[in-house]
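Chemist:
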């Protein structure tokens with residue numbers, strides 16, 4: 006498996022995004038901060054986004070590892086298409 010190089014960019018609309026460094030395709034992940042949070046964080050906004058994106062990358066890596074390690078080749082990651090409501094995370 007070849008290495009995938011990623012880059013963090015700021016989009017024209019102010020969102021901070023993660024994308025493949027060798028592509029101009031749609032970003033893999035995006036982070037949006039409200040105007041009030043941007044004002045509060047000032048220059049630290051990028052640093053907060055980096056931490057959030059890094060956590061997302063680690064989580065995806067862990068989930069992919071679980072899917073590969075599942076018994077009999079069955080993935081532990083399942084989608085519930087029957088419930089189109091967004092998940093509420095507390």
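In the numbering used here, the protein residues as written are 6 to 95. Idealized CB from N, CA, C, for every residue including glycine.
Indicate the three-state DSSP secondary structure (helix, strand or coil) for residue 33 in the structure shown.
Modeler: coil
Chemist: If you check the beta carbons only, do residue 36 and residue 60 fall under 8 Å apart?
Modeler: no
Chemist: Decide if residue 26 is buried, meaning its Cβ has at least 16 other Cβ atoms within 10 Å, or exposed.
Modeler: exposed
Chemist: Would you call residue 32 buried or exposed, if buried means 16 or more other Cβ atoms sit within 10 Å of its Cβ?
Modeler: buried
Chemist: For residue 10, I'd like the list of residues in its chain whose CB is within less than 8 Å of its CB, leaving aside the five on either flank, ordered along the chain.
Modeler: 25, 26, 27
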